[in-house]
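Undergrad:
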Amino acid sequence: MNNFVIPSRDKPNTTELSNYLDESLRSFSDITGIPVTYFSDDDHIQAEYLPKQKICRIFSAYTDCTGLCRAALASAGQFTTRLGEPYIFLCKSGLTNIASSLIIDGVFIGYVIAGPIVMGELRTSTINKFQELNNLNSQTVNLAEMIASNMQTYQPKQVSEIALLLYNSIVAAVASANTDYDKLRNQYNNFSNINIDIQKYKKEHSAFSYPYDLEKTLVEHVLDGRAAEAEEDLRKMLTSFSILEAGDLHGIKDKTLWLFAIVIRLSSRKQSNLNEILDTDLDVINQISEADNLDHLTEIAVHLIRLISNNMISSVYGGDSQIISKALQFINMNYLNRITLQMIEEELHVNGSYFSTLFKNEMGKPFTQYVNSLKVAKACELLITTNLNILDISMSIGFDDQSYFTKVFKRETGLTPKQYRNSYTKAHDGTGLQTNQTACNSFR
0 MNNFVIPSRD
10 KPNTTELSNY
20 LDESLRSFSD
30 ITGIPVTYFS
40 DDDHIQAEYL
50 PKQKICRIFS
60 AYTDCTGLCR
70 AALASAGQFT
80 TRLGEPYIFL
90 CKSGLTNIAS
100 SLIIDGVFIG
110 YVIAGPIVMG
120 ELRTSTINKF
130 QELNNLNSQT
140 VNLAEMIASN
150 MQTYQPKQVS
160 EIALLLYNSI
170 VAAVASANTD
180 YDKLRNQYNN
190 FSNINIDIQK
200 YKKEHSAFSY
210 PYDLEKTLVE
220 HVLDGRAAEA
230 EEDLRKMLTS
240 FSILEAGDLH
250 GIKDKTLWLF
260 AIVIRLSSRK
270 QSNLNEILDT
280 DLDVINQISE
290 ADNLDHLTEI
300 AVHLIRLISN
310 NMISSVYGGD
320 SQIISKALQF
330 INMNYLNRIT
340 LQMIEEELHV
350 NGSYFSTLFK
360 NEMGKPFTQY
370 VNSLKVAKAC
380 ELLITTNLNI
390 LDISMSIGFD
400 DQSYFTKVFK
410 RETGLTPKQY
420 RNSYTKAHDG
430 TGLQTNQTAC
440 NSFR
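With numbering that gives the first Met the number 0 applied, the sequence shown corresponds to residues 0 to 443, in that order.
(1) Buried or exposed: which applies to Asp294, given that a residue is buried once 16 or more other Cβ atoms fall within 10 Å of its Cβ?
(2) When you compare only the Cα positions, how much space is there between Met150 and Leu258?
(3) Verify whether the separation of the beta carbon atoms of Gln153 and Val117 is less than 9 Å.
(4) Go ahead and pull the three-state DSSP assignment for Val218.
(5) Can you give the Cα-Cα distance for Glu289 and Val218, rounded to whole angstroms?
(6) Would you mind giving the Cβ-Cβ distance between Ser99 and Tyr166, rounded to the nearest angstrom? I have them listed as a contact below 8 Å.
(7) Does DSSP put Val117 in a helix, in a strand, or in coil?
(8) Taking DSSP as the reference, what is the three-state secondary structure of Gly109?
(9) Quick check on this structure: which residue in Ile242, Glu228, Glu345, Glu230 has the alpha carbon closest to the alpha carbon of Pro210?
(10) Rank Val370, Thr384, Leu381 by C-alpha distance to the C-alpha of Glu411 and give the top, closest one.
(11) Going by the beta-carbon positions, is the gap between Phe473 and Val375 smaller than 9 Å?
(12) What are the boundary residues of the beta strand (DSSP E) that includes Thr95?
(13) Distance check for Glu361 and His302, CA to CA, integer angstroms please.
(14) Among the candidates Pro115, Asn292, Ala326, whose CA atom is the shortest distance from the CA of Val158?
(15) Below 8 Å CB to CB, which residues in the same chain sit around Ser59 once its five sequence neighbours on both sides are set aside?
(16) For Ile193 and Gly83, what's the separation of their Cα atoms in angstroms?
(17) Closer than 7 Å by C-beta to Asn336: which residues in its own chain qualify, once you throw out the five before and the five after it? Chain order, please.
(18) How many angstroms separate the CA atom of Phe354 from the CA atom of Leu340?
(19) Do the CB positions of Pro34 and Leu20 come within less than 9 Å of each other?
(20) Using CA atoms only, rank isn't needed, just tell me which of Ala226, Ile126, Ile323, Asp40 is closest to Gly351.
(21) Give the range of the beta strand (DSSP E) segment to which Val35 is assigned.
(22) Whose C-beta lies closer than 7 Å to the C-beta of Ala378 among residues of the same chain, with five residues either side of it excluded?
(23) How is Asp280 classed by DSSP in three states: helix, strand or coil?
(24) Which residue wins for smallest C-alpha separation from Glu230, given the options Ala245, Glu380, Glu214?
(25) Whole angstroms is fine: what's the gap from Asp399's alpha carbon to Tyr334's?
(26) Does DSSP put Ala71 in a helix, in a strand, or in coil?
(27) Can you list, in chain order, the residues of its chain with a C-beta nearer than 6 Å to that of Phe3? Leave out the 5 residues immediately preceding and following it.
(28) Using the rule of at least 16 other Cβ atoms within 10 Å of the residue's Cβ for burial, across every protein chain shown, is His220 buried or exposed?
(29) What residue range does the beta strand (DSSP E) around Phe88 cover?
(30) Between the Cα of Leu445 and those of Gly109, Thr95, Leu94, spot the shortest distance and give me the residue it belongs to.
(31) List the endpoints of the continuous alpha helix (DSSP H) containing Ile54.
(32) Counting only the same chain and skipping the five closest in sequence on each side, list residues whose C-beta sits under 7 Å from that of Thr139.
(33) According to DSSP, is Ala227 part of a helix, a strand, or is it coil?
(34) Per DSSP, what kind of secondary structure is Glu244 in: helix, strand or coil?
(35) For Ile396, which of helix, strand or coil comes out of DSSP?
(36) Nearest to His249 by alpha carbon, out of Lys53, Gln418, Ser92, Lys51?
See the structure below:
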């Protein structure tokens with residue numbers, strides 16, 4: 000048996016991989032049986048491993064450098080560079096791919112795509128997509144079905160492990176990679192968790208008007224478990240995507256998948272069992288790629304954002320009571336309407352008196368006060384972001400009586416709604432002091 004000789008770790012460039020990286024990717028591909036393709040920074044193929052096992056080679060949507068598939072791969076290459084770590088995504092046909100960028104001395108050189116592979120199970124809709132995207136004749140359809148049926152199937156956890164293996168294969172081959180990728184991850188973490196650095200990106204991409212502020216608000220609402228507001232934000236995001244993409248469904252779905260990659264990534268940090276919950280609902284994520292119109296896509300995306308938001312309740316409430324957990328989910332979904340103790344009794348099949356005592360003991364405040372706090376927080380937002388009158392705001396958050404709404408608002412913030420709006424306006428016009436803004440912020 001010949002001894003394996005580890006090649007030197009010289010640096011690759013855009014046109015040629017180093018011997019070490021070439022051998023690392025070849026070894027990864029040989030061991031896993033997964034095709035690997037290296038793209039340069041201008042999205043051209045520079046190296047392939049196990050290309051004959053790559054089903055994409057028979058599809059015009061892939062072989063055409065300007066086709067939909069190549070555009071999606073390029074987008075994934077850009078996103079994994081932002082992350083500084085691997086990015087798992089679904090291609091146009093619904094097959095799974097793993098992207099990882101190649102960074103040398105802080106410079107983006109290119110990206111590697113491992114796949115496609117099958118995650119979960121091979122779906123009939125995937126075979127249909129082969130035909131739809133490529134206008135295949137019957138002979139090629141049969142060939143595609145044969146190749147697809149012989150592809151190994153992986154579970155989500157295995158795909159994550161493969162992604163880590165691919166990433167380590169690249170990092171180990173580049174002497175400066177650890178510093179480069181750590182720096183990227185730290186930058187992205189700051190970008191995502193500390194007020195998201197929107198302005199820099201807007202300056203660099205002035206031609207685009209991606210709603211980064213809204214994305215930030217959506218993430219905050221999801222992490223707080225505020226499902227109703229997260230859903231509202233999501234619907235606005237989808238509308239923005241539709242405008243940005245001029246109604247092109249493929250482009251809208253790409254942006255939606257990108258958005259959920261960010262939401263799921265940040266939510267997973269706060270709630271460790273999120274991946275287990277999403278694995279049980281993996282079909283929903285697949286359906287985002289398969290939605291055949293905007294209404295269908297919206298329905299699927301809303302379902303998923305509710306699933307994630309409701310799961311984040313456990314980060315708001317850390318106790319063991321299933322009753323309180325379910326109550327918080329129900330409240331966060333419906334607090335903009337009128338919620339009564341009787342509704343809780345009927346929803347959870349629990350005695351009202353027992354629930355009231357339990358809720359106060361677990362949450363530190365009475366049920367009604369907790370609901371009103373959420374309503375007041377929403378009212379604060381509407382007071383400073385809209386020109387709605389006090390009555391309309393009162394009605395929109397589930398108060399039938401404006402005077403009672405004013406009483407509740409003042410009890411929570413120390414100001415009437417009108418005083419709060421005037422105070423905020425004066426503070427931001429520079430004509431007065433900002434007062435009690437912290438009171439409303441504390442509910443968010």
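Ideal Cβ positions, reconstructed from N, Cα and C, are used throughout, including at glycine.
Nothing here was measured: the structure is a model prediction, and the numbers come from that model.
TA: Put simply:
(1) exposed
(2) 29 Å
(3) Here residue 153 turns out to be Tyr, not Gln, going by the sequence shown. Yes. Within cutoff.
(4) helix
(5) 24 Å
(6) 5 Å
(7) strand
(8) strand
(9) Ile242
(10) Val370
(11) This structure leaves residue 473 out entirely; the chain is present only between 0 and 443.
(12) 95-103
(13) 28 Å
(14) Pro115
(15) Gly66, Asn133, Asn134
(16) Because Ile193 sits at a pLDDT of 33, beneath the cut-off of 50, its placement in the model cannot be relied upon, and the following sentence gives the value as read from the coordinates. Going from the Cα of Ile193 to the Cα of Gly83 covers about 17 Å.
(17) Gly397
(18) 9 Å
(19) no
(20) Ile323
(21) 35-39
(22) Ile392, Ile396, Phe408, Pro416
(23) With a pLDDT of only 45 at Asp280, under the threshold of 50, the placement of this residue in the model should not be trusted, and no figure is reported.
(24) Glu214
(25) 14 Å
(26) helix
(27) Its pLDDT being 35, under 50, Phe3 is placed unreliably in this model, and the coordinates cannot settle the point.
(28) buried
(29) 86-89
(30) This structure cannot speak to residue 445, because the chain is shown only from 0 to 443.
(31) Note, Ile54: premise wrong, no alpha helix (DSSP H); not H, not E.
(32) Ile57
(33) helix
(34) coil
(35) coil
(36) Ser92
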